[in-house]
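J.:
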Amino acid sequence: MKKGIILAILLFACQILPANAQISANHWAYNDATKAISQKWIEDTIGNFEPDKITTRAEFVCMLEKAIRLTPDSDTAKFYTQVYTPEIIVQPFNDTRTHWLETGGWLKTALDFGLVIPADYDNKLFKPDEAISRRESIVMVIRALGRVYPASQYEPGRPLFTDWDSIPNWAKGYTNEMVNFKLLLGFPEGNAQVDKPLTKAQAVAFLNRAMNEMTQGVDSAIKVTIDNVYPKENALYQKQQLTLPVPAQIVNQKIYVPIRALYDNGGKLYGPAYGTGKRYYWHAKAQILWFEYGVSHQFQPGNSYMGFHGNVLPFTGKLRDEGNLLASEVRMLYGELMVPVIDNGQSAQLRSTGMKTWDANTKTVLIPMMVPQAPTS
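Counting in my numbering, the sequence shown runs without a single skipped number right up to 379 at its last residue.
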């Protein structure tokens, strides 16, 4: 009980302090502020939200974690705490030890998942109470959306803003991703001003747009059932409906399911030897998830793969889609990697060759899970 009270106090400490100015109903960010307040991403009321006030690094990290439901007490945050890569040192910053961002667990969650990369900050100083730049917030938002890989593949093209040349080359890919998804619109003058401090209005606008992109097609009514692919006598267990850490979603006619739910439960269909001893590794900077399903597999959000089991090498676009192999980008939803399992845009004949089925009336997905190639140890 005592631990629960302490945690509640620490979580409540993550807030944006009330301001004195009131946002008007005709302000360009009024709807974004209303959404942020109603969703409790911030602790303001509409009566004390000050749109032009500067956002600090600590405030934005906290707002973002709340928006993507990756709070320190969430199951997904606890997962990343267990699997994060050794490149994250125990104490990456020297100026956060007694700050509520660290004592409340918010900074650790940001580091474990990869919202904050220590190498991006000089002299081991995060300066949590100083203004966060628009560029920093852009990077964090893109990382939250799982778009690091596409950002890293950016090739220079036409300038997107009048001040494009002033944006560091490494940050242009992130900025380009923001533009591609209409998360960054720029100023009337045609510039992006990425080195300017981020205002509260800009912060809630970024978050609202990002969440609209992340959560499109989310449907908690979708049920996911897995079954073995072999004759019934060759498996110990039969169909089981999965309990999903986050809902399934449908984007561009493709049905997405959280990867961990599939692989954590798939091996259990074939007995204890296949369902235990699983190990995960998460490269927070590159956003690559490695794990064992008999043999080693890896997935990276924003990258495309052929299928979700069997051949999971990155898709080059040169392979022929056989129906049971589905090439599409992996997504990120609330910190969980989401893999496409069915493409309803394919012909019925192609869909049937993959043995996966989708019942639109009952909103049920049936997915045959292959046996791991070798028992995990």
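C-beta atoms are modelled at their ideal positions from N, C-alpha and C, and glycine is treated no differently.
(1) Which class does M216 belong to by DSSP, given the choice of helix, strand or coil?
(2) So, helix, strand or coil for Q380, using DSSP?
(3) Put A133 into one of helix, strand or coil per three-state DSSP.
(4) Let me confirm a value: A194 is counted as buried when at least 16 other C-beta atoms fall within 10 Å, else exposed. Which label applies?
(5) Identify whether F293 lies in helix, strand or coil by the three-state DSSP scheme.
(6) By the three-class DSSP mapping on this structure, what secondary structure does T73 have?
(7) Which residues in the same chain have their Cβ closer than 6 Å to the Cβ of A223, if we skip the five residues on either side of it in sequence?
(8) Evaluate V297 with the Cβ neighbour count: other Cβ atoms within 10 Å of its Cβ, from every protein chain shown; 16 or more gives buried, anything less gives exposed.
(9) Based on DSSP bridge pairs, tell me the residues matched to E331.
(10) Let me know the secondary structure DSSP gives P161 once reduced to three states.
(11) According to DSSP, A250 sits in a beta bridge with which residue or residues?
(12) Can you check whether the CB of G106 is closer than 8 Å to the CB of R145?
(13) Can you tell me whether N214 is buried or exposed? The criterion is at least 16 other CB atoms within 10 Å of its CB, across all chains shown.
(14) Which runs of the beta strand (DSSP E) spanning at least 3 residues fall entirely within the segment 18-63, listed in chain order?
(15) Starting from I257, trace the beta strand (DSSP E) both ways and give me its first and last residue.
(16) Determine the closest residue to G49 out of Q255, M180, E61, Y32, with distance taken between C-alpha atoms.
(17) To the nearest angstrom, how far is the alpha carbon of A153 from that of N363?
(18) Identify whether P170 lies in helix, strand or coil by the three-state DSSP scheme.
(19) Shortest alpha-carbon distance to Q129 belongs to which of M371, T111, T100?
(20) In the DSSP assignment, what residue or residues form a beta bridge with M419?
(21) Checking 8 Å against the spacing of the C-beta atoms, do I369 and I252 come in under that value?
(22) Does the beta-carbon distance from R333 to Y265 come in below 8 Å?
(23) If you reduce the DSSP assignment to three classes, tell me which class V150 lands in.
(24) Do P303 and G175 have their C-beta atoms closer together than 8 Å?
(25) Within 8 Å, do at least three Cβ pairs link the segment 339-349 to the segment 199-209?
(26) In whole angstroms, what separates the C-alpha of A79 from that of D221?
(27) Would you verify that the beta carbon of P74 is, or is not, closer than 8 Å to some beta carbon of chain B?
(28) Checking 8 Å against the spacing of the C-beta atoms, do M65 and W30 come in under that value?
(29) Tell me the DSSP bridge mates of I228?
(30) Rounded to the nearest angstrom, how far is the Cβ of I140 from that of V196, given a contact under 8 Å?
(31) Where do the ends of the beta strand (DSSP E) carrying D361 lie?
(32) Around the Cβ of T47, are there at least 16 other Cβ atoms within 10 angstroms (buried) or fewer (exposed)?
(33) I'd like to know whether the C-beta atoms of L185 and V118 end up nearer to each other than 8 Å.
(34) Provide the residue span of the alpha helix (DSSP H) that contains F115, from first to last.
(35) As a quick exercise: from T111, E179, D361, D77, pick the residue whose alpha carbon is nearest that of A212.
(36) CA-CA distance, S306 and Q24?
T.: The relevant details are as follows:
(1) helix
(2) Residue 380 falls outside the range modelled here, since the chain spans only 3 to 379, and no answer is possible.
(3) strand
(4) buried
(5) strand
(6) coil
(7) K365
(8) exposed
(9) S306
(10) coil
(11) D221
(12) no
(13) exposed
(14) none
(15) 256-260
(16) Y32
(17) 38 Å
(18) coil
(19) Looking at the sequence itself, residue 129 is Lys, so the reference to Gln does not match. Measuring from the Cα of K129, the nearest candidate turns out to be T100.
(20) For the chain, the structure presents residues 3 to 379; residue 419 sits outside this window and is missing.
(21) no
(22) no
(23) helix
(24) no
(25) no
(26) 22 Å
(27) Protein chains in the displayed structure number just one, and chain B is not present.
(28) no
(29) Q242, I369
(30) 7 Å
(31) 359-361
(32) exposed
(33) no
(34) 108-115
(35) E179
(36) 45 Å
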